[in-house]
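Residue numbers (the working numbering): 26 to 434.
No residue lacks a Cβ here, since even glycine has one placed at the ideal position from N, Cα and C.
Since the model is a prediction, treat every value here as computed from it, not as a measurement.
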Amino acid sequence: MKTRASSKIFILTLFFVILLALTGCAQQSGTQKQINVVFRYDDYSSKSTTEIEQRIIDLFHDDGISITFGVIPFSLVDDTLEQSGANLLQLTPEKEAFLKAGFESGVIDVVLHGYTHKAINPEVPSEFTGSDYSTQLEKITEGKKYLESLINAPITLFIPPWNRYDLNTLQALEELGFSTISAGEGGEAPETSKLEYLPATIDLTQIQAAVSVARNSSDKQPLIVVLLHDYDFKEHNQERGYITLPEFSDQVNWLASQSDVRMLSVTQATQIITDLSPQRYLLNTQNCQRIYRYLPVPLHGEACKLQYQEPATLRTILKISSFYLAILLLGFGISFVAGYLIFPRSKFLMNLGTFGSMALSLVVLIYLFHDLEIYLRGMIISTVAVSVPLGLLVCYQLVKKRAKAPQEK
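Listed below in structure tokens is the structure:
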């Protein structure tokens with residue numbers, strides 16, 4: 026009787042442990058905090074669409090918001106010719122006046138966006154990646170001097186065209202006194218770098234989804250960086266564009282109406298966000314790789330793609346561990362209960378189930394880990410492959426112990 030009662034207590038305890046583990050996996054932080062949304066408009070140049078830019082500036086001015094403009098200082102008169110003085114076109118007087126007025130009013134945050142935005146390698150578009158240090162230093166120097174003379178203020182932020190750059194780019198930026206690089210995720214970031222890193226995270230279609238993810242995250246300073254271009258708007262190109270200016274206005278007004286959201290420029294974000302270090306940039310990439318490799322979409326909600334997450338290696342490990350612990354306990358519990366119901370009836374099935382599952386589990390694990398490359402499905406299968414024979418083995422020992430008990434009496 027004691028053995029049977031102990032078994033029931035064990036099963037009930039196991040059930041509640043599984044329930045708690047599953048609940049822990051699903052828990053999300055609902056703490057109220059300020060969600061930081063940065064708008065980054067790239068490719069402002071002598072050739073960009075002024076009408077769209079004017080509408081954007083009017084919208085942000087009315088809401089008292091600053092938006093970052095990634096400015097291409099020079100354009101090529103003829104894209105088929107080399108970058109030389111005769112083939113370079115700086116901003117037109119109208120474009121210069123527009124940019125200067127926006128900067129002086131506080132609406133436009135001026136950032137250097139390359140030199141001419143011409144790719145040196147068409148196969149992997151980049152203006153800087155693969156170029157030697159002296160060439161990159163010269164281009165960035167010229168662009169910086171031109172914009173500084175135009176707005177009469179220091180230029181310390183840099184956006185590489187196509188979000189691509191290399192170590193030479195970073196070295197040149199540090200040499201010239203830049204403080205921040207805003208590119209994409211997954212780029213170079215030496216731990217000794219003196220620069221701050223503020224990557225773009227979403228486009229205009231993902232704003233509300235990103236805010237929802239940020240609200241449910243445990244980040245203390247949730248950060249979302251929205252990247253936009255003139256060609257994103259249907260008013261510029263009906264085929265390529267995916268949003269209209271009125272729709273964009275609705276998105277901005279929606280953000281402005283949210284009490285827990287503040288809209289910033291890149292410069293403002295660097296003054297508010299406490300950690301934009303290279304270590305955060307690297308850890309964010311590593312943690313995102315872990316999350317997408319080992320967790321299903323419902324448990325991460327594509328958080329890495331929608332916001333620039335704070336470095337939380339321990340939190341990521343705990344989240345992944347909780348998920349697989351829940352699977353382990355669930356597999357263990359189901360196999361234990363199945364064995365508890367079947368094993369007392371057949372010694373043959375008891376031996377076959379216990380030792381057969383152990384042999385099969387070993388084969389499965391060897392197959393899954395033979396090349397050490399394992400992802401979500403493989404991790405789930407391997408966890409089940411461990412939990413099932415473990416549950417059957419514990420049940421096997423319990424049934425054998427119960428069978429011996431009457432004989433000992």
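Going by DSSP, what residue range makes up the beta strand (DSSP E) through residue i?
i: L114; result: 113 to 115
i: S302; result: Note, S302: premise wrong, no beta strand (DSSP E); not H, not E.
i: I399; result: No beta strand (DSSP E) contains I399, which DSSP labels as neither H nor E.
i: V238; result: Element bounds for V238: not the beta strand (DSSP E) but the alpha helix (DSSP H), 232 to 241.
i: L462; result: Residue 462 is absent from the model: the chain starts at 26 and stops at 434.
Based on the DSSP secondary-structure assignment, which residues constitute the bridge partners of residue i?
i: Y66; result: F94, L253
i: Y222; result: I206
i: I268; result: F258
i: R287; result: N61
i: S282; result: DSSP, once it has assigned bridges, lists no residue as partnering S282.
i: I227; result: V251
i: S412; result: Answer is none; S412 lacks a bridge partner.
i: S100; result: L114
Quick one: is the Cβ of residue i within less than 8 Å of any heavy atom of the ligand ADP?
i: G89; result: This structure lacks the ligand ADP; in fact it carries no ligand of any kind.
How far does the alpha helix (DSSP H) with residue i in it reach, from first residue to last?
i: F380; result: 372 to 393
i: F85; result: 75 to 87
i: A197; result: 192 to 200
Just confirm the distance between the C-beta atoms of residue i and residue j, as a whole number of angstroms; I'd bet it's less than 8 Å.
i: F94; j: Y140; result: Going by Cβ atoms, the distance from F94 to Y140 rounds to 16 Å, so no, they are not a contact pair.
i: Q332; j: S243; result: With a Cβ gap of about 12 Å, Q332 and S243 do not count as contacting.
i: V96; j: L114; result: Not a contact, Cβ separation roughly 14 Å.
i: Q304; j: E398; result: Incorrect: roughly 27 Å between the Cβ atoms, too far for contact.
i: M288; j: L301; result: In fact, because the Cβ distance is near 18 Å, the residues do not count as touching under 8 Å.
i: S8; j: I92; result: Outside the shown range of the chain, which is 26 to 434, sits residue 8, and nothing can be said about it.
i: Q196; j: Y158; result: 6 Å
i: F348; j: G416; result: Going by Cβ atoms, the distance from F348 to G416 rounds to 18 Å, so no, they are not a contact pair.
i: A225; j: S207; result: 7 Å
i: F357; j: S412; result: 4 Å
i: L393; j: S407; result: 5 Å
i: L137; j: K169; result: 6 Å
i: I298; j: N146; result: No, I298 and N146 are not in contact; Cβ-Cβ is about 33 Å, not under 8 Å.
i: D275; j: G266; result: Going by Cβ atoms, the distance from D275 to G266 rounds to 16 Å, so no, they are not a contact pair.
i: L401; j: Y319; result: 6 Å
Runs of alpha helix (DSSP H) lying entirely within the region 119 to 186, each at least 4 residues, in chain order: 158 to 176
Given 8 Å, three or more beta-carbon pairs between the region 210 to 223 and the region 118 to 132: Output reads no: the region 118 to 132 does not touch the region 210 to 223.
At least 3 beta-carbon pairs within less than 8 Å: the region 72 to 84 vs the region 160 to 171: no
Cβ contact check for the region 236 to 251 and the region 288 to 299: 3 or more pairs under 8 Å: A contact exists between the region 236 to 251 and the region 288 to 299.
At least three beta-carbon pairs within less than 8 Å, the region 414 to 422 to the region 356 to 367: yes
Meets three-Cβ-pair contact criterion under 8 Å: the region 144 to 152 and the region 181 to 188: yes
The region 166 to 182 in contact with the region 196 to 203 per 3-pair CB rule at 8 Å: The region 196 to 203 and the region 166 to 182 touch, with three or more beta-carbon pairs separated by less than 8 Å.
The region 383 to 403 / the region 342 to 354 touching (three or more Cβ pairs under 8 Å): no
The region 256 to 272 touching the region 75 to 86, judged by at least three CB pairs closer than 8 Å: yes
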